[in-house]
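Numbering (the working numbering), first residue to last: 5 to 171. Cβ coordinates follow ideal geometry from the N, Cα and C atoms, glycine included. A short write-up of the structure that comes next.
Rendered as structure tokens:
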């Protein structure tokens with residue numbers, strides 16, 4: 005498992021997964037600075053109060069005018085990506101940070117752009133390895149996310165549930 009980097013750029017879907025899995029506060033116990041863009045915060049994160057996320061440790065980064073222009077250029081090349089997705093990918097690339105997202109098209113394009121991207125299960129792996137979450141609680145979190153309709157790879161979910169419950 006790759007080491008946890010000092011800065012992670014986090015997409016809204018990972019925050020939604022963590023909330024659905026009941027481990028949102030635990031996420032912020034990882035020794036990492038979590039940032040998202042003002043575009044993601046104001047356009048996608050509506051179901052979790054911003055004050056709660058800020059209190060947990062999320063930092064919201066405003067993009068510069070140059071970054072906005074670069075986003076427009078990237079959008080021309082990648083029509084499959086939303087503006088919020090482009091914003092977090094751009095911030096991760098500019099900062100040399102890991103991007104945390106479960107978005108399929110973003111995963112593919114981030115790789116093309118040289119941005120390292122990991123998803124919710126990778127985060128759970130770190131929470132378990134650092135003993136922030138017990139193995140049983142992590143397995144329950146995966147089951148809760150699946151029951152709440154989170155888009156996670158079924159094979160990987162089953163593998164982790166099996167390992168964490170009975171491994």
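As the crow flies, the alpha-carbon of residue 70 is around 20 Å from that of residue 46. Ranked by Cα distance from residue 152, the first of 14, 10 and 22 is 22. Using a C-beta cut-off of 8 Å, the stretch 11-18 makes contact with the stretch 95-112, since at least three inter-stretch Cβ pairs fall below that distance. Of the residues 48, 41, 79 and 81, the one whose Cα lies closest to the Cα of residue 63 is 41. The three-state secondary structure of residue 134, taken from DSSP, is coil. Secondary structure within the stretch 32-96: the beta strand (DSSP E) runs of 3 or more consecutive residues, fully enclosed, are 37-41 and 63-65 (chain order).
Ranked by Cα distance from residue 30, the options 80, 140, 43 and 135 are led by 135.
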